[in-house]
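Visitor: For the record, the sequence lines run as chains A and W. Here our numbering = 1-based position in the first sequence + 4. Here our numbering = 1-based position in the second sequence + 2. Beta carbons are placed, not taken as given, at the ideal position from N, Cα and C, and that holds for glycine. Since this is a predicted model, take the numbers as computed values, not measurements. Sending over a structure as structure tokens; questions will come in a sec.
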Amino acid sequence: TQLLEQSPQFLSIQEGENLTVYCNSSSVFSSLQWYRQEPGEGPVLLVTVVTGGEVKKLKRLTFQFGDARKDSSLHITAAQPGDTGLYLCAGLYNQGGKLIFGQGTELSVKP
Amino acid sequence: AAGVIQSPRHLIKEKRETATLKCYPIPRHDTVYWYQQGPGQDPQFLISFYEKMQSDKGSIPDRFSAQQFSDYHSELNMSSLELGDSALYFCASSPGSTGELFFGEGSRLTVL
Numbered sequence: 005t006q007l008l009e010q011s012p013q014f015l016s017i018q019e020g021e022n023l024t025v026y027c028n029s030s031s032v033f034s035s036l037q038w039y040r041q042e043p044g045e046g047p048v049l050l051v052t053v054v055t056g057g058e059v060k061k062l063k064r065l066t067f068q069f070g071d072a073r074k075d076s077s078l079h080i081t082a083a084q085p086g087d088t089g090l091y092l093c094a095g096l097y098n099q100g101g102k103l104i105f106g107q108g109t110e111l112s113v114k115p
Numbered sequence: 003a004a005g006v007i008q009s010p011r012h013l014i015k016e017k018r019e020t021a022t023l024k025c026y027p028i029p030r031h032d033t034v035y036w037y038q039q040g041p042g043q044d045p046q047f048l049i050s051f052y053e054k055m056q057s058d059k060g061s062i063p064d065r066f067s068a069q070q071f072s073d074y075h076s077e078l079n080m081s082s083l084e085l086g087d088s089a090l091y092f093c094a095s096s097p098g099s100t101g102e103l104f105f106g107e108g109s110r111l112t113v114l
């Protein structure tokens, strides 16, 4: 059973398009994190959202935490080939506890 | 800035052999995590240590064990290796207060 459901699992778009990745759970998290992973490398932290309803922006990336702290979304504006990679959401139940990952979204941005 | 160091980066073993992976966390990070990532899968939590004591346990097989030493480095010991153990093994460290994890580059284990 996947505690964190990520969708879509695969996404192939053209350069300049917008996209949204969703991360959903029936559980409440103390925080939720988004990572990006390149093949053969470790995940790299993009952002952490903590407060319900919180919105964080990182250049063309916008992250939102649901009001109930059970879901999150990642929106990329005007995608570029350099955005290609695996995007993982991960939820933390409590401080010091384990981080649970979603299945990931494999994004391919074609020039 | 110093990052999480993992060694070896690549390891090839035969079935039923043993393997040891090492992890050196970022200085002053008090928590270490081990994750296993199979091809096309998300990282699966194995085990974590806080201040050298095991803090949480995930889907770690009984054939695997881990510990954190006085200098905060950690080792993952894997015995009676099976083909299904072939995966990327990541170590991550955290300063604890934020829950944010910083991952190493991983150790790729191939069991033949």
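When you compare the CB positions of Leu83 (chain W) and Val113 (chain W), do they come within less than 9 Å of one another, or not?
Guide: Position 81 of the second sequence, counted from the first residue, corresponds to residue 83 (chain W). Position 111 of the second sequence, counted from the first residue, corresponds to residue 113 (chain W). Yes. Within cutoff.
Visitor: Could you pull the DSSP bridge partners for Thr55 (chain A) from this structure?
Guide: Mapped onto the first sequence, residue 55 (chain A) falls at position 51. Partner(s): none; Thr55 (chain A) has no beta bridge.
Visitor: Note down, in chain order, all residues in the segment 46 to 63 of chain A with a beta-carbon under 8 Å from any beta-carbon belonging to chain W.
Guide: Gly46, Pro47, Val48, Leu49, Thr52
Visitor: Between the alpha carbons of Pro97 (chain W) and Glu45 (chain A), how many angstroms are there, rounded?
Guide: In the second sequence, residue 97 (chain W) corresponds to position 95, counting from 1. In the first sequence, residue 45 (chain A) corresponds to position 41, counting from 1. Going by C-alpha positions, Pro97 (chain W) is about 21 Å away from Glu45 (chain A).
Visitor: Write down the C-beta distance between Lys17 (chain W) and Leu85 (chain W) rounded to the nearest angstrom, noting that I regard them as a contact closer than 8 Å.
Guide: Taking the second sequence and counting its residues from 1, one reaches residue 17 (chain W) at position 15. Taking the second sequence and counting its residues from 1, one reaches residue 85 (chain W) at position 83. About 7 Å separates the two Cβ atoms, so the contact holds.
Visitor: Going by DSSP, what residues sit across from Gln18 (chain A) in a beta bridge?
Guide: Counted from its first residue, the first sequence places residue 18 (chain A) at position 14. Answer is A:Lys114.
Visitor: I want to verify the contact list: residues of chain A whose CB lies under 7 Å from the CB of Ser50 (chain W), in sequence order.
Guide: On the second sequence, position 48 is the one that residue 50 (chain W) refers to. Per Cβ cutoff of 7 Å: Lys102.
Visitor: Would you identify the three-state DSSP class for Gly86 (chain A), choosing helix, strand or coil?
Guide: As a first step, residue 86 (chain A) must be located in the first sequence, where it is residue number 82. Helix.
Visitor: In the DSSP assignment, find the beta strand (DSSP E) that holds His75 (chain W) and state where it starts and stops.
Guide: For the purposes of this step, residue 75 (chain W) is taken as the residue at position 73 of the second sequence. Element bounds for His75 (chain W): n/a, residue is neither H nor E.
Visitor: Strictly below 7 Å CB to CB, what residues from chain A border Phe44 (chain W)?
Guide: Residue numbering aside, residue 44 (chain W) sits at position 42 when the second sequence is read from its first letter. Before going further, note that residue 44 (chain W) is Asp rather than Phe in the sequence given. Leu92, Phe105, Gly106, Gln107, Gly108, listed in chain order.
Visitor: Quick one: measure Cβ to Cβ for Asp58 (chain W) and Lys102 (chain A), integer angstroms, because I've assumed they're closer than 8 Å.
Guide: Residue mapping note: residue 58 (chain W) aligns to position 56 of the second sequence, counting from 1. Residue mapping note: residue 102 (chain A) aligns to position 98 of the first sequence, counting from 1. So it is a contact: roughly 5 Å between Cβ atoms.
Visitor: Hey, Val25 (chain A) and Ser16 (chain A): beta-carbon distance below 9 Å or not?
Guide: The sequence position of residue 25 (chain A) within the first sequence is 21, counting from 1. The sequence position of residue 16 (chain A) within the first sequence is 12, counting from 1. In this structure, Ser16 (chain A) does not lie closer than 9 Å to Val25 (chain A) by Cβ.
Visitor: Going straight from the alpha carbon of Glu19 (chain A) to that of Ile49 (chain W), what length do you get?
Guide: Along the first sequence, one-based indexing puts residue 19 (chain A) at 15. Along the second sequence, one-based indexing puts residue 49 (chain W) at 47. Going by the C-alpha atoms only, they are around 40 Å apart.
Visitor: How many angstroms separate the CA atom of Arg65 (chain W) from the CA atom of Asp87 (chain W)?
Guide: For the purposes of this step, residue 65 (chain W) is identified with residue 63 of the second sequence, where counting begins at 1. For the purposes of this step, residue 87 (chain W) is identified with residue 85 of the second sequence, where counting begins at 1. Looking at the two C-alpha atoms, the distance is approximately 11 Å.
Visitor: Taking Cβ to Cβ, would you say Tyr97 (chain A) is nearer than 9 Å to Ser34 (chain A)?
Guide: Taking the first residue of the first sequence as position 1, residue 97 (chain A) is located at position 93. Taking the first residue of the first sequence as position 1, residue 34 (chain A) is located at position 30. Closer than 9 Å, so yes.
Visitor: Are Tyr39 (chain A) and Ala94 (chain A) closer than 9 Å when you measure CB to CB?
Guide: The sequence position of residue 39 (chain A) within the first sequence is 35, counting from 1. The sequence position of residue 94 (chain A) within the first sequence is 90, counting from 1. Contact flag set, yes.
Visitor: Who are the neighbours of Leu96 (chain A) on chain W, taking C-beta pairs under 7 Å?
Guide: The residue you call residue 96 (chain A) lines up with position 92 of the first sequence. Simply Gly101.
Visitor: State yes or no: is the C-beta of Asp87 (chain A) within less than 9 Å of the C-beta of Val113 (chain A)?
Guide: Your numbering for residue 87 (chain A) matches position 83 in the first sequence. Your numbering for residue 113 (chain A) matches position 109 in the first sequence. Closer than 9 Å, so yes.
Visitor: Between Asp71 (chain A) and Leu78 (chain A), what straight-line distance do the alpha-carbon atoms span, to the nearest angstrom?
Guide: In the first sequence, counting from the first residue as 1, residue 71 (chain A) sits at position 67. In the first sequence, counting from the first residue as 1, residue 78 (chain A) sits at position 74. Near 15 Å, if we compare the C-alpha coordinates of Leu78 (chain A) and Asp71 (chain A).
Visitor: Check whether chain A comes within 9 Å of Gly106 (chain W), counting only Cβ atoms and requiring the distance to be less than that.
Guide: One-based indexing of the second sequence puts residue 106 (chain W) at position 104. At least one C-beta of chain A is nearer than 9 Å to the C-beta of Gly106 (chain W).
Visitor: In whole angstroms, give me the CA-to-CA distance for Met80 (chain W) and Gly101 (chain W).
Guide: Within the second sequence, residue 80 (chain W) is the residue found at index 78, counting from 1. Within the second sequence, residue 101 (chain W) is the residue found at index 99, counting from 1. Straight-line Cα distance between these residues: approximately 27 Å.
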